[in-house]
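Residue numbers (full-length UniProt numbering): 1 to 667.
As structure tokens, the structure follows; a few thoughts come after it.
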DNA sequence: TTGTCATGCT
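This is the structure:
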């Protein structure tokens, strides 16, 4: 060990330490002028420094021309440093520490915690190890603050074994040591061990405080252990820790991750103090389980209470807008981002592209895309998927080529987009080539989704036999999506016999789901075999097959209205139904199936027509695939009422205008 | 002087 405080002179120490330092950070870094530590710029100058008349004095002070015995000065400086947001903090603190040693000042137990914290924040493990050796040499390894900070450093650097060793060998460990170990295990990816440590701690009759509980709760959330979570909640109540915002947030997150969103929400409602973490946890908790309307509702409440959203909130909101087709709110978020100078690159930009694409504004998505200076695989993939959903296969492929040219590596989702684009554009050969090359050329192994895309592609093109052969040759078991997509193709090409075979497979896989029955009954209908269709519907009723209720959304003046088939709960239900009946009257010629008259998309369109200005395009988001009947009716509505109607169904966009649809009957 | 909560894009 080079550094020996008792025997070496200050200058020898200096040299040895310099040697150690340079092995950790490059000499170039050390030669660079010391960046001005930001604590010198702030108002919170350490008292001993604020006496300095100006910054230059302070700098020269730091440069080492001052009083060589002021240990307190250096410790204070180091402590201020560890709170600063200086980017070169590790180097800066090392240089200050080095100067201190150079002056022959012997660090004490107050010096190390802040230094260790800086290194921990930057995951500077090697630098931390050097400090550890200094600590041992100085005999400061019996100080609880020093040891706790060392433990923490090793934990965040992934050296949980060293953390545990320190903990085990340290007799004076306190509540902070226990909490540090718990957090360490959790952060290192061992939530189970974190909980075990907590149990052991309680068995030793130590009393957990809010910080400990928050730490265990986060491990508990990761484990999804509701039972433990509830007993921790009880502990919180008994020990009156519920006013602690950290504890509250940890409880909200725990309930949300354990699948009890309503308990989380109830707790959130009762929190005496909330911060941005509380709001984000709750909003993103709703997003996580697909409760987008509730996420947006909560976001509105957050706005009303004057809480400023951050980037995380906004991506959650954009995500919800994308799912619901809530274009107005999405645009508001876009404006908010611009107004507040929030960087539109990166995740937020990607979320914006996705939102515009999913809300039917593919042009706007492209605009945001083009304006982004940094584009990554998410950016390209969002845009490619957007084009695919809009049936713009060539645009998608062109973008894919751009992406390769620029050197952005496609991943498995990109290929879903590329194959879907080929499928929707009828580019079978091109698509098959991509599929064959994706693993060899791009290192992306095809997964079931990709096989599904190929089946879909072949099926749409009417290559039903090829599709069937392809399924049989797949190295993975076909799932319900694959069979469903082939059955859909049978429907398009009125292939009753093949359809019947596939339906059997599908019913076996998902006996209680409607998909197979609905497709088959449509297939019979399209082949004029109405009796068979009726038989299928009867079987469905008898087998109590569960139906996913059709649901359509339309946003009017920033509010998303939801309609379900036959639903009369809307305040304007009377006018809406009058309008729907008007459709039926005026479109009699189409001989539409009565069953479909009150389909959710018709209700949404009727509401849109009576509540928006004449030239406004209507944008509908539907959870299922549009049925043939409604597809025909909407085409006629677009002509009769002279409205552009954009419908996003489960699979793609339909832009209806002047009696035509952008999908060219191909969906 | 030390330890606590959460999170985003395809």
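Even for Gly, the Cβ is constructed at its ideal location relative to N, Cα and C.
Sequence-distant residues of its chain with Cβ nearer than 7 Å to residue i (five each side left out)
i           : result
residue 708 : What is shown of the chain runs 1 to 667, which leaves residue 708 out entirely.
residue 512 : 545, 546
residue 490 : 464, 498, 499, 502, 523
residue 580 : 597, 598, 602, 603, 606
residue 447 : 412
residue 482 : 451, 452, 455, 471
residue 574 : none
Residue i burial status per 10 Å Cβ neighbour count (16 or more: buried)
i           : result
residue 306 : exposed
residue 44  : Bear in mind that the predicted position of residue 44 carries a pLDDT of just 32, short of 50, making it unreliable; the figure below should be weighed with that in mind. So residue 44 ends up on the exposed side.
residue 126 : exposed
residue 241 : buried
residue 287 : buried
residue 402 : exposed
residue 399 : buried
residue 542 : exposed
residue 379 : buried
residue 200 : exposed
residue 488 : buried
residue 354 : buried
8 Å CB neighbourhood of residue i in its chain, flanking five on each side removed
i           : result
residue 278 : 245, 248, 249, 252, 268, 271
residue 311 : 342, 347, 348
residue 429 : none
Coarse secondary structure for residue i, derived from DSSP in three states
i           : result
residue 70  : coil
residue 424 : helix
residue 612 : coil
residue 660 : strand
residue 648 : strand
residue 513 : strand
residue 622 : strand
residue 170 : coil
residue 655 : strand
residue 254 : helix
residue 474 : coil
residue 299 : helix
residue 665 : coil
residue 370 : helix
residue 291 : coil
residue 270 : helix
residue 204 : coil
residue 495 : coil
residue 630 : helix
residue 641 : coil
residue 65  : With a pLDDT of only 42 at residue 65, under the threshold of 50, the placement of this residue in the model should not be trusted, and no figure is reported.
residue 382 : helix
residue 280 : helix
residue 210 : helix
residue 486 : helix
residue 190 : coil
residue 538 : helix
residue 529 : coil
residue 359 : coil
residue 375 : coil
residue 249 : helix
Residues of its chain near residue i, where Cβ-Cβ distance is below 6 Å and the 5 sequence neighbours each way are ignored
i           : result
residue 385 : 417
residue 351 : 315, 318
residue 552 : 563, 600, 601, 604, 620, 622
residue 333 : 314, 317, 318
residue 668 : Nothing can be reported for residue 668, as the shown portion of the chain is limited to 1 through 667.
residue 280 : 312, 313
residue 140 : 109, 146
residue 357 : 365, 386
Distance between beta carbons of residue j and residue i, contact taken as under 8 Å
i           : j           : result
residue 476 : residue 451 : 6 Å
residue 114 : residue 78  : 5 Å
residue 648 : residue 612 : Between residue 612 and residue 648 the Cβ distance is about 18 Å, and since that is not below 8 Å, they are no contact.
residue 109 : residue 146 : 5 Å
residue 455 : residue 440 : Not confirmed; about 21 Å, so no contact.
residue 459 : residue 486 : 5 Å
residue 672 : residue 494 : Limits of the chain in this structure are 1 at one end and 667 at the other, which puts residue 672 out of reach.
residue 326 : residue 560 : 5 Å
residue 480 : residue 506 : 6 Å
message = Which complete alpha helix (DSSP H) runs does the stretch 307-357 hold, if anything under 4 residues is left out?
response = The stretch 307-357 contains these whole alpha helix (DSSP H) runs: 311-324, 327-339.
Entirely enclosed beta strand (DSSP E) segments - the stretch 544-609, minimum 3 residues = Along the stretch 544-609, the beta strand (DSSP E) occurs as fully enclosed runs of 3 or more residues at 551-556, 559-564, listed in sequence order.
request  = Counting only runs of 4+ residues fully inside the stretch 101-156, write out the alpha helix (DSSP H) ranges in chain order.
outcome  = As far as the stretch 101-156 is concerned, its whole alpha helix (DSSP H) runs of at least 4 residues are 112-121, 125-137, 144-156.
message = Threshold first: 4 residues or longer. Then list the alpha helix (DSSP H) segments lying entirely within the stretch 402-472, N to C.
response = Listed in chain order, they are 412-425, 428-442, 448-460.
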